[in-house]
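Everything below concerns the one structure shown next.
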Ligand code: NAP
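Residue numbers (the working numbering): 23 to 554.
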């Protein structure tokens with residue numbers, strides 16, 4: 023069973039033992055004491071190992087291997103040797119120090135050497151994947167003293183994780199294979215899926231001892247460590263950057279609620295199509311990973327469409343018209359399907375607030391504020407259902423171009439009777455629409471005093487405009503200035519949270535074939551955004 027380790031940088035006996043007690047409380051199975059800074063006080067280290075509340079790994083990482091121990095090599099190895107003969111479950115020695123270590127052990131009485139802790143022979147590269155990675159594995163595999171092989175290198179892309187999984191799959195000894203840095207997180211979370219001896223975490227997200235590590239509670243709660251096994255399906259959010267995405271919190275909580283054996287990870291991929299193609303292709307082709315789908319965000323929404331078309335996958339009809347997709351579904355037979363749950367989420371949130379079916383959008387007047395990707399998706403769907411849309415945009419040319427392309431290129435006008443036209447943003451006060459939708463970032467945190475509609479059209483808030491609907495796609499803050507003023511004017515309001523939750527629910531249902539636990543999604547979003 024793969025162990026969950028908490029790594030602690032030791033400064034004093036009290037601090038180390040207190041942190042180890044916390045690690046135990048938070049669900050760690052084993053603790054790694056990083057004695058780098060106290061190699062000159064072996065008595066303290068000995069006390070820590072003897073009194074440790076959890077089985078432990080004794081490590082004193084040399085500065086030349088990325089650690090903080092500046093002691094000379096003889097002192098460092100003597101220190102490690104002393105700890106190895108105590109209650110420590112494992113002692114970690116660098117591959118490059120193996121000969122020195124063996125010399126230290128040769129001087130010991132046979133009994134002492136025999137009773138020594140299990141030797142983790144380790145190799146780290148904080149810059150890149152070492153060119154001789156496989157030779158290092160071979161040397162460790164053939165070293166009799168080595169009980170556990172540990173490899174850690176900085177991932178250059180998400181693809182490096184696959185090599186870590188392959189090494190684990192072909193191991194002849196217990197192994198730890200981890201990729202460092204933001205690209206390496208999958209190797210940490212999925213260590214259990216691929217049968218590693220352990221994965222390292224920090225006491226919390228801030229107290230980590232290597233780049234890319236997460237806190238033990240994040241591993242337990244967010245990534246559902248206890249539920250991961252060899253069959254766990256893998257999903258993720260693909261974007262650049264993805265660090266602040268709420269999607270991992272939402273989907274992992276959802277999987278937990280419906281007991282879907284799956285985990286959802288951040289998947290950072292640099293903007294260029296070649297990166298997208300190489301990474302997603304490699305993840306799909308590595309069958310033991312069980313990569314089953316992804317949410318796809320900026321800047322990859324068009325890359326996803328192109329990729330799935332090139333692989334002969336299926337594209338939802340309206341998504342093809344929108345020319346941007348946000349959801350990848352990998353079916354059990356390996357075939358691919360893409361769709362855009364943003365447009366469906368937006369118009370369904372709108373229809374629910376208006377108390378109508380999608381068909382009821384026909385002939386409704388809509389003022390769309392903004393002409394970017396989100397606006398494009400929503401306007402395409404609105405026009406498809408026959409709404410009359412005016413796109414108000416700061417760069418009016420862009421509004422005209424979008425209107426023309428929707429009307430002409432996609433045949434929206436002729437197909438369905440929808441009418442789309444462009445207008446400058448400063449003409450918004452003249453709008454006569456029943457529905458206003460903000461698809462710009464104006465009013466988004468931290469600029470919460472801004473609004474895309476400082477001057478309201480006269481009919482909104484009057485008796486003739488009582489049924490006006492105002493929809494702000496921004497979800498942070500939950501109630502923007504635009505929505506607050508709309509509410510004060512008596513309008514029906516729709517928040518970006520509603521859209522965000524619905525687009526996630528659409529993805530979840532495609533992946534799990536189960537109704538999405540929308541209450542869980544909403545609670546997660548509100549907790550993250552600090553709303554009621
Ligand atoms: P985008 O492609 O970058 O488009 C941004 C649009 O906003 C453009 O039309 C741009 O006008 C306009 N704009 C930006 N800053 C402006 C300013 N200071 N003054 C006037 N106009 C400004 O972005 P997007 O992907 O469409 O996303 C837009 C917003 O939609 C996001 O900020 C997000 O809040 C929201 N959204 C919400 C969800 C959800 O699930 N709730 C999903 C997707 C998006 P120009 O053409 O003149 O540059």
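Ideal placement from N, C-alpha and C gives every residue a C-beta, glycine not left out.
Given that a residue counts as buried once 16 or more other Cβ atoms are within 10 Å of its Cβ, and exposed if not, what is residue i?
i: residue 266; result: exposed
i: residue 406; result: buried
i: residue 225; result: buried
i: residue 408; result: buried
i: residue 146; result: buried
i: residue 469; result: exposed
i: residue 136; result: Reliability fails at residue 136, whose pLDDT of 47 lies under 50, so the model's placement of it is uncertain and the value that follows must be treated cautiously. Counting Cβ neighbours within 10 Å, residue 136 comes out exposed, since fewer than 16 surround it.
i: residue 144; result: buried
i: residue 552; result: exposed
i: residue 517; result: buried
i: residue 173; result: buried
i: residue 23; result: exposed
i: residue 129; result: exposed
i: residue 150; result: exposed
i: residue 309; result: exposed
i: residue 41; result: buried
Say the cut is 7 Å; is the CB of residue i nearer than that to a heavy atom of the ligand NAP?
i: residue 495; result: yes
i: residue 463; result: yes
i: residue 320; result: yes
i: residue 183; result: no
i: residue 416; result: yes
i: residue 447; result: yes
i: residue 397; result: yes
i: residue 458; result: no
i: residue 475; result: no
i: residue 364; result: yes
i: residue 466; result: yes
i: residue 521; result: yes
i: residue 518; result: yes
Excluding sequence positions up to five away, which residues of its chain have a Cβ less than 7 Å from the Cβ of residue i?
i: residue 363; result: 348, 349, 525, 528 and 529
i: residue 504; result: 460, 465, 473, 474, 475, 492 and 494
i: residue 321; result: 262 and 293
i: residue 534; result: 280 and 282
i: residue 482; result: 490, 511 and 513
i: residue 354; result: none
i: residue 257; result: 273, 284, 286, 314, 315, 316 and 533
i: residue 471; result: 503
Who are the Cβ neighbours of residue i in its own chain at under 8 Å, not counting the five residues just before and after it?
i: residue 373; result: 379, 380, 382 and 383
i: residue 101; result: 57, 61, 64, 67, 82 and 93
i: residue 522; result: 268, 367, 497 and 547
Using a Cβ-Cβ cutoff of less than 6 Å, which residues in the same chain neighbour residue i once the five nearest sequence positions on both sides are dropped?
i: residue 54; result: 27, 29, 79 and 81
i: residue 451; result: 477 and 479
i: residue 119; result: none
i: residue 233; result: 202 and 203
i: residue 416; result: 447
i: residue 87; result: 116 and 146
i: residue 388; result: 404, 409, 411, 455 and 457
i: residue 239; result: 48
i: residue 207; result: 234
Count Cβ pairs between the segment 324–339 and the segment 273–286 that sit closer than 8 Å; are there 3 or more?
no
Looking at C-beta atoms only, is the number of pairs between the segment 412–424 and the segment 389–403 that lie closer than 8 Å three or more?
yes
Let me know the alpha helix (DSSP H) ranges lying completely inside the segment 284–367, each 4 residues or longer, listed in chain order.
295–307, 323–332 and 339–344
Stretch pair the segment 152–166 + the segment 210–218: three plus CB contacts closer than 8 Å:
no
Measuring CB atoms only, is the segment 268–276 touching the segment 80–98, in the sense that at least three cross pairs come out at less than 8 Å?
no
Quick check: the segment 43–51 against the segment 68–77, are there 3 or more CB pairs under 8 Å?
yes
In chain order, which continuous runs of the beta strand (DSSP E) of length 3 or greater are located wholly inside the segment 64–127?
78–81 and 112–116
Does the count of Cβ pairs from the segment 178–195 and the segment 239–255 closer than 8 Å reach three?
no
With a floor of 3 residues, list each beta strand (DSSP E) that falls wholly inside the segment 445–515, ordered by position along the chain.
457–460 and 491–494
What are the start and end residues of each continuous beta strand (DSSP E) run of 3 or more residues lying completely inside the segment 208–254, in chain order?
220–223
With a threshold of 8 Å, are at least 3 pairs of Cβ atoms found where one atom belongs to the segment 295–305 and the other to the segment 172–189?
yes
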